[in-house]
Amino acid sequence: AALVDAFEARVAADEFIEPKDWMPEAYRKTLIRQISQHAHSEIVGMLPEGNWITRAPSLRRKAVLLAKVQDEGGHGLYLYCAAETLGVGRDELIEDLHSGKAKYSTIFNYPTLTWADIGAIGWLVDGAAIMNQVPLQRTSYGPYARAMIRVCKEESFHQRQGYEIMMALMDGTEAQKAMAQDALNRWWWPSLMMFGPPDDNSPNTAQSMRWRIKRETNDQLRQRFVDATVPQAEAIDLRVPDDALAWNEERGHYDFGEIDWEEFYSVIRGEGPVARERMQARRKAWDEGAWVRDAANAYAAKAAARKEAA
Amino acid sequence: AALVDAFEARVAADEFIEPKDWMPEAYRKTLIRQISQHAHSEIVGMLPEGNWITRAPSLRRKAVLLAKVQDEGGHGLYLYCAAETLGVGRDELIEDLHSGKAKYSTIFNYPTLTWADIGAIGWLVDGAAIMNQVPLQRTSYGPYARAMIRVCKEESFHQRQGYEIMMALMDGTEAQKAMAQDALNRWWWPSLMMFGPPDDNSPNTAQSMRWRIKRETNDQLRQRFVDATVPQAEAIDLRVPDDALAWNEERGHYDFGEIDWEEFYSVIRGEGPVARERMQARRKAWDEGAWVRDAANAYAAKAAARKEAA
Amino acid sequence: MTEAVLSTDQLTQYLLRLGDDSLVLGQRLSEWCGHAPSIELDLSLANVALDLIGQATLLLNAAGEAEGQGRDADALAFGRDVMSFRNCLLVEQPNGDFGQTIARQFLFSSYQFALFRHLTASSNTAVAEICAKAVKETEYHLQLASDWVVRLGDGTDESRERLVAGFDWHWRFVGEMFEDDALSEAVAAADIGVLPSTLKSEFDSRLEAVFNDAGLEIPELPRSITGGREGHHSEHLGHLLAVMQHIPRTYPGAVW
Amino acid sequence: MTEAVLSTDQLTQYLLRLGDDSLVLGQRLSEWCGHAPSIELDLSLANVALDLIGQATLLLNAAGEAEGQGRDADALAFGRDVMSFRNCLLVEQPNGDFGQTIARQFLFSSYQFALFRHLTASSNTAVAEICAKAVKETEYHLQLASDWVVRLGDGTDESRERLVAGFDWHWRFVGEMFEDDALSEAVAAADIGVLPSTLKSEFDSRLEAVFNDAGLEIPELPRSITGGREGHHSEHLGHLLAVMQHIPRTYPGAVW
Numbered sequence: 002a003a004l005v006d007a008f009e010a011r012v013a014a015d016e017f018i019e020p021k022d023w024m025p026e027a028y029r030k031t032l033i034r035q036i037s038q039h040a041h042s043e044i045v046g047m048l049p050e051g052n053w054i055t056r057a058p059s060l061r062r063k064a065v066l067l068a069k070v071q072d073e074g075g076h077g078l079y080l081y082c083a084a085e086t087l088g089v090g091r092d093e094l095i096e097d098l099h100s101g102k103a104k105y106s107t108i109f110n111y112p113t114l115t116w117a118d119i120g121a122i123g124w125l126v127d128g129a130a131i132m133n134q135v136p137l138q139r140t141s142y143g144p145y146a147r148a149m150i151r152v153c154k155e156e157s158f159h160q161r162q163g164y165e166i167m168m169a170l171m172d173g174t175e176a177q178k179a180m181a182q183d184a185l186n187r188w189w190w191p192s193l194m195m196f197g198p199p200d201d202n203s204p205n206t207a208q209s210m211r212w213r214i215k216r217e218t219n220d221q222l223r224q225r226f227v228d229a230t231v232p233q234a235e236a237i238d239l240r241v242p243d244d245a246l247a248w249n250e251e252r253g254h255y256d257f258g259e260i261d262w263e264e265f266y267s268v269i270r271g272e273g274p275v276a277r278e279r280m281q282a283r284r285k286a287w288d289e290g291a292w293v294r295d296a297a298n299a300y301a302a303k304a305a306a307r308k309e310a311a
Numbered sequence: 002a003a004l005v006d007a008f009e010a011r012v013a014a015d016e017f018i019e020p021k022d023w024m025p026e027a028y029r030k031t032l033i034r035q036i037s038q039h040a041h042s043e044i045v046g047m048l049p050e051g052n053w054i055t056r057a058p059s060l061r062r063k064a065v066l067l068a069k070v071q072d073e074g075g076h077g078l079y080l081y082c083a084a085e086t087l088g089v090g091r092d093e094l095i096e097d098l099h100s101g102k103a104k105y106s107t108i109f110n111y112p113t114l115t116w117a118d119i120g121a122i123g124w125l126v127d128g129a130a131i132m133n134q135v136p137l138q139r140t141s142y143g144p145y146a147r148a149m150i151r152v153c154k155e156e157s158f159h160q161r162q163g164y165e166i167m168m169a170l171m172d173g174t175e176a177q178k179a180m181a182q183d184a185l186n187r188w189w190w191p192s193l194m195m196f197g198p199p200d201d202n203s204p205n206t207a208q209s210m211r212w213r214i215k216r217e218t219n220d221q222l223r224q225r226f227v228d229a230t231v232p233q234a235e236a237i238d239l240r241v242p243d244d245a246l247a248w249n250e251e252r253g254h255y256d257f258g259e260i261d262w263e264e265f266y267s268v269i270r271g272e273g274p275v276a277r278e279r280m281q282a283r284r285k286a287w288d289e290g291a292w293v294r295d296a297a298n299a300y301a302a303k304a305a306a307r308k309e310a311a
Numbered sequence: 156m157t158e159a160v161l162s163t164d165q166l167t168q169y170l171l172r173l174g175d176d177s178l179v180l181g182q183r184l185s186e187w188c189g190h191a192p193s194i195e196l197d198l199s200l201a202n203v204a205l206d207l208i209g210q211a212t213l214l215l216n217a218a219g220e221a222e223g224q225g226r227d228a229d230a231l232a233f234g235r236d237v238m239s240f241r242n243c244l245l246v247e248q249p250n251g252d253f254g255q256t257i258a259r260q261f262l263f264s265s266y267q268f269a270l271f272r273h274l275t276a277s278s279n280t281a282v283a284e285i286c287a288k289a290v291k292e293t294e295y296h297l298q299l300a301s302d303w304v305v306r307l308g309d310g311t312d313e314s315r316e317r318l319v320a321g322f323d324w325h326w327r328f329v330g331e332m333f334e335d336d337a338l339s340e341a342v343a344a345a346d347i348g349v350l351p352s353t354l355k356s357e358f359d360s361r362l363e364a365v366f367n368d369a370g371l372e373i374p375e376l377p378r379s380i381t382g383g384r385e386g387h388h389s390e391h392l393g394h395l396l397a398v399m400q401h402i403p404r405t406y407p408g409a410v411w
Numbered sequence: 156m157t158e159a160v161l162s163t164d165q166l167t168q169y170l171l172r173l174g175d176d177s178l179v180l181g182q183r184l185s186e187w188c189g190h191a192p193s194i195e196l197d198l199s200l201a202n203v204a205l206d207l208i209g210q211a212t213l214l215l216n217a218a219g220e221a222e223g224q225g226r227d228a229d230a231l232a233f234g235r236d237v238m239s240f241r242n243c244l245l246v247e248q249p250n251g252d253f254g255q256t257i258a259r260q261f262l263f264s265s266y267q268f269a270l271f272r273h274l275t276a277s278s279n280t281a282v283a284e285i286c287a288k289a290v291k292e293t294e295y296h297l298q299l300a301s302d303w304v305v306r307l308g309d310g311t312d313e314s315r316e317r318l319v320a321g322f323d324w325h326w327r328f329v330g331e332m333f334e335d336d337a338l339s340e341a342v343a344a345a346d347i348g349v350l351p352s353t354l355k356s357e358f359d360s361r362l363e364a365v366f367n368d369a370g371l372e373i374p375e376l377p378r379s380i381t382g383g384r385e386g387h388h389s390e391h392l393g394h395l396l397a398v399m400q401h402i403p404r405t406y407p408g409a410v411w
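Protein chains in written order, with this note's numbering: chain A, 2 to 311; chain B, 2 to 311; chain C, 156 to 411; chain D, 156 to 411.
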């Protein structure tokens, strides 16, 4: 109990908890779940955008997109490493992803249908991710907080690139404008869902806030995202697909329509439009790559043995 | 010896030999080799054209090409059945193809690079095939001769369709004309090679002619092909890529240049540009289809057993 | 019965739905050509593909005529981008293995057979005539697919597993085929088309009968994924179109 | 030394050869993105792809300038059909498994490293500058590929077999990279380019050294397949271009 009190006091004082420090088992488990979910999201998140690398409409866009997807892989890597400091192996985490035990962000179970979706993902999905992640730079677990600092720097870059794609489209032909508007129509609501269930239906929030694993509630973050994004849409003549959307002078925030939580929970249950494709692609890459990982391990062992012998 | 004499007399009298008739072992073996090679050529020959079905430039061309490639599959089927009458199973023949023991026409080891290649193959490759096959309608082995009658009817249809593609291209834009000429440049010499080595280097010809398995020599057939094809090329302003080509008034035939037999024998040895692709595709289809063939057999056995039991 | 008024655009869109279904599935099946498990199957699959491409040609030509802007079947097949395609999501699914292909074919042909049977009585002569011919083809497709569902389901353990996996990939796309919307209501009211929902019971009986013969159980169907009829497709269609349209787009205006 | 006169067309064609090699291999490698055997390899392969696409952009822009008809790298990458591409056959080969990809990468980077090292001294300033930057990238690609050749060759039995099979797919395309022709003679005479045949011994020594480390034997090389430099490609390139060019061809004139 003394350990718990000391731990809670340190967290309350905004000190970082480090891997060698004592921590409550529930804290450790919550962190592993959250960090690995985040890592999985980065890795699965490579797929919808990866779908457009081979078809990017210019060499510059191709290079930028490739670099972006590569960054996501890098984020996945930082995050798996952060999770590993909590005593769990990367392979184990990945098995949980492939078995369906572990979750990843529902947003990646929607398909990328046109080039405009690449813009919409950068702008909205990375934008929402940043809202979620900025506070995590001050999360209580040191390795996680430090990973998030690197992640956030790159995400905001991605968000600008995505918005820039949308700007170029809205500056283009009628077909391009229609493509951009359609992408916003399809990605808007799923982006709002990225902040998770409403606060009154989010049982873990209080504990996570107290442990400073989370630092703001789902609804607070969602509101911030709407407030930031609506003016950006308006600035390039895009219409946010929500008839209830209106500036509320009194609250100093945008009011917005009801989210279809049925849809959200369906996708959580694995019923997203391309959930099967995502898992199939990840499992295939992992299974077909097994011999390469085995070879690298075997070679490393041989090399170490040779060094020993020498 | 009496059997042999009787057999040779029947052949000399242009009678058909049927499966139940006695025949020399060498005759049987030569026939199996020739018929199965021909069957393999039909099946492998589906691949270069199949490569363009998904990219055919109009719905009509797509349908015509699909039907053509389907016909080739049908020819393969007739021919395997004809070979089976000689006491060898289809699976065994296919294993020989996949192991590299059996050969198929060298022409199919060249790639189809543009849509014009589909025209060139129909016009030249099917054209050459007809030259080879027309005499085989009177070949001494009955089932083979009857298969060839069906094959020839369809091949001449394919040849016209191929030429029609070339006509349309030569009637089109500069890019289309260039495509057509380039296709002729690439397919002309390999087509001439389809008739096999020159007569003075074709040791089996004499025996095969005596047995009426073959009815004309390689060089005779090749000359007939050149004589028929050159005017067709000229009619649509295509230039045959052979500087030595000239009408020889005295012979009443076209003279033509020396064939690169080194190239021919290289391709025979399996060194054709896409020989690996062809065998990879065939083996893959066969191996990945094994479970389907097994299932069909298992089901047939069950159904038969049920019928028996009833 | 008073015939409801159907706009040009509605008729065009309906014909696009019909034509795109056939076109996209025909294109998919043609990918098998030369690569099927046996020569016999190669011929069968090519046959089905040929029929579907033939249907697509007639239906898209009719769509072009309804539209009245001078576009023929080729212009529609090779000149639209992914969001203008109106096919259902089922037909654009990848071939996968032969089990997946047969599952898709069985589900689609069951739907299309019920549909075309009704459309032979369409008040639109073109639709009625096209479907009168097409329904015979589709009956053969359905027979072929049904036979193989039974053969694979009652063949070996592996074939059953693969077939079940093939159906598992596709169940989520069944609902879309039978979904009514404003357009299908309009064409049904005009006696030109049919309400997809009315075809469901015929589909269900056939599914039950064939699954019974195959010794398979029909699982509880997952949530429907929809969107194809409004141009919101899976990621697969764009790749299919990139290949299919490459030559006409590379040589605009050329005649082949 | 008297500088030989090089025609505009010759310079353009030479730059297309250089640029198309990088472009096509970059496009191929980018197909791996999100599907590699490990995250680390995903990042590495994407890195190489990125470098190659960057090189292609510079080289094709230079080709467009040399040509003088207002085409930039995008116009050349997305606006030419298969027969106008000048890359060697090696780079358009399919990825296959990781062993096949690494074999291709090792063979190509060995060639390209030797080439770019020479071209840093090109009398054409643009070529020299582009290659001065690119050669550093290529050195890294070569190191990465060499490391993996050793790791797979000296890893497990399976990895050795797969790597050997990967090389077996590609040996027939090695000869083409080192083949001299009229164009390479002309650019070498003008001190702009280099005779490919002169790079062969450097390539051979590296191959020998790395194969030695990997415990692999270099087989007798099969007959060379050639044609890429004149636009006569394998069947693979057309499919790659269909995908790569789809959007720009679908929306001609659009700016992205």
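All C-beta atoms, glycine included, are put in the ideal place defined by N, C-alpha and C.
Helix, strand or coil for Trp414(C)? Go by DSSP, reduced to three states.
There is no way to answer for residue 414(C), as the model of chain C reaches only from 156 to 411.
Step through the CB atoms of chain B and report whether any lies within less than 8 angstroms of the CB of Trp411(C).
Looking up residue 411(C) in the third sequence gives position 256. Judged by the 8 angstroms Cβ criterion, Trp411(C) is in contact with chain B.
Alpha carbon of Arg404(D) to alpha carbon of Arg272(D), nearest angstrom
What you label residue 404(D) is simply residue 249 of the fourth sequence in a count that begins at 1. What you label residue 272(D) is simply residue 117 of the fourth sequence in a count that begins at 1. Roughly 36 angstroms separates the two Cα atoms.
Could you tell me whether the Cβ of Met332(D) comes closer than 8 angstroms to any Cβ of chain B?
As a working mapping, residue 332(D) is identified with position 177 in the fourth sequence. So no, Met332(D) is outside the interface.
Count the other C-beta atoms from every protein chain shown that fall within 10 angstroms of the C-beta of Val410(D), then say buried if there are 16 or more, exposed otherwise.
The count along the fourth sequence starts at 1 and reaches residue 410(D) at position 255. The residue is exposed, with fewer than 16 neighbouring Cβ atoms inside 10 Å.
Same chain only: Cβ atoms within 8 angstroms of Thr31(B), ignoring 5 sequence neighbours per side:
Walking along the second sequence from the start, residue 31(B) turns up at place 30. If we look at Thr31(B) and ignore the five residues flanking it on each side, its Cβ neighbours are Asn205, Gln208, Ser209, Trp212, Ile214.
Within chain D, partners of Asp236(C) - CB distance below 7 angstroms:
As a first step, residue 236(C) is located in the third sequence; it is residue number 81 there, counting from the start. Correct list: Thr405.
Three CB pairs or more closer than 8 angstroms across the region 394-408 of chain C and the region 312-325 of chain D:
no
Which residues of the region 277-310 of chain B have a Cβ closer than 8 angstroms to any Cβ of chain D? Give them in chain order.
Arg277, Glu278
As assigned by DSSP and simplified to three states, the class of Ile18(A):
Taking the first residue of the first sequence as 1, we reach residue 18(A) at position 17. Here Ile18(A) sits in strand by DSSP.
So which residues on chain C does Ala117(B) lean against when the C-beta distance must stay under 9 angstroms?
The sequence position of residue 117(B) within the second sequence is 116, counting from 1. Ordered by position in chain C, no residue passes the 9 angstroms Cβ test against Ala117(B), which lies about 10 angstroms from the chain.
Would Ala218(D) pass as a contact of Leu171(D) if the rule is Cβ separation under 8 angstroms?
For this step, residue 218(D) is matched to residue 63 along the fourth sequence. For this step, residue 171(D) is matched to residue 16 along the fourth sequence. Contact flag set, yes.
C-alpha gap between Glu9(A) and Ala258(D), whole angstroms:
By one-based count along the first sequence, residue 9(A) stands at place 8. By one-based count along the fourth sequence, residue 258(D) stands at place 103. If you take the alpha carbons of Glu9(A) and Ala258(D), they lie about 55 angstroms apart.
Helix, strand or coil for Ala13(A), going by three-state DSSP, please let me know.
Position 12 of the first sequence, counted from the first residue, corresponds to residue 13(A). Looking at Ala13(A) - three-state DSSP - the assignment turns out to be helix.
Distance cutoff 8 angstroms, beta carbons only. Does Ile108(B) sit that close to anything in chain C?
Translated into positions along the second sequence, residue 108(B) becomes position 107. By this cut-off, Ile108(B) is not an interface position.
Cutoff 8 angstroms: Ala232(D) Cβ touching any chain C Cβ
Here residue 232(D) refers to the residue found at position 77 when the fourth sequence is read from its first residue. No, its Cβ sits nowhere closer than 8 angstroms to a Cβ of chain C.
Could you name the residues of the region 375-399 of chain C whose beta carbon sits closer than 7 angstroms to any beta carbon of chain B, in the order they occur along the chain?
Val398, Met399
Counting only Cβ pairs nearer than 8 angstroms, list the residues of chain A close to Ala269(D).
Within the fourth sequence, residue 269(D) is the residue found at index 114, counting from 1. Those within 8 angstroms of Ala269(D) in chain A number zero; the least Cβ separation is about 25 angstroms.
Check whether Asp197(C) and Ala191(C) have beta carbons under 8 angstroms apart
For the purposes of this step, residue 197(C) is taken as the residue at position 42 of the third sequence. For the purposes of this step, residue 191(C) is taken as the residue at position 36 of the third sequence. Yes.
By DSSP, does Tyr142(A) sit in helix, in strand, or in coil?
To locate residue 142(A), count along the first sequence from 1; it is residue 141. If DSSP states are grouped into helix, strand and coil, Tyr142(A) belongs with the strands.
So which residues on chain B does Ala300(C) lean against when the C-beta distance must stay under 7 angstroms?
Locating residue 300(C) in the third sequence gives position 145, counting from the first residue. Simply none; closest approach about 14 angstroms.
Thinking C-alpha only, which one of Asp200(B), Ile269(B), Ala301(B), Pro136(B) is nearest Ile108(B)?
In the second sequence, residue 108(B) corresponds to position 107, counting from 1. Among Asp200(B), Ile269(B), Ala301(B), Pro136(B), the Cα nearest to that of Ile108(B) belongs to Ile269(B).
Within chain B, partners of Trp324(D) - CB distance below 7 angstroms
Within the fourth sequence, numbered from 1, the residue matching residue 324(D) stands at position 169. Here the neighbours are Arg277.
Mapping DSSP to helix, strand and coil, what is Ala57(B)?
Locating residue 57(B) in the second sequence gives position 56, where the first residue counts as 1. Three-state DSSP puts Ala57(B) in coil, outside helix and strand.
Please confirm if Gln177(B) has its CB atom under 8 angstroms from at least one CB of chain C.
As a working mapping, residue 177(B) is identified with position 176 in the second sequence. Gln177(B) counts as touching chain C.
From Asn110(B) to Arg56(B), what does the alpha carbon distance come to, in whole angstroms?
Mapped onto the second sequence, residue 110(B) falls at position 109. Mapped onto the second sequence, residue 56(B) falls at position 55. Cα to Cα, the separation comes out at about 20 angstroms.
State yes or no: is the beta carbon of His190(D) nearer than 8 angstroms to at least one beta carbon in chain C?
As a first step, residue 190(D) is located in the fourth sequence; it is residue number 35 there, counting from the start. No, its Cβ sits nowhere closer than 8 angstroms to a Cβ of chain C.
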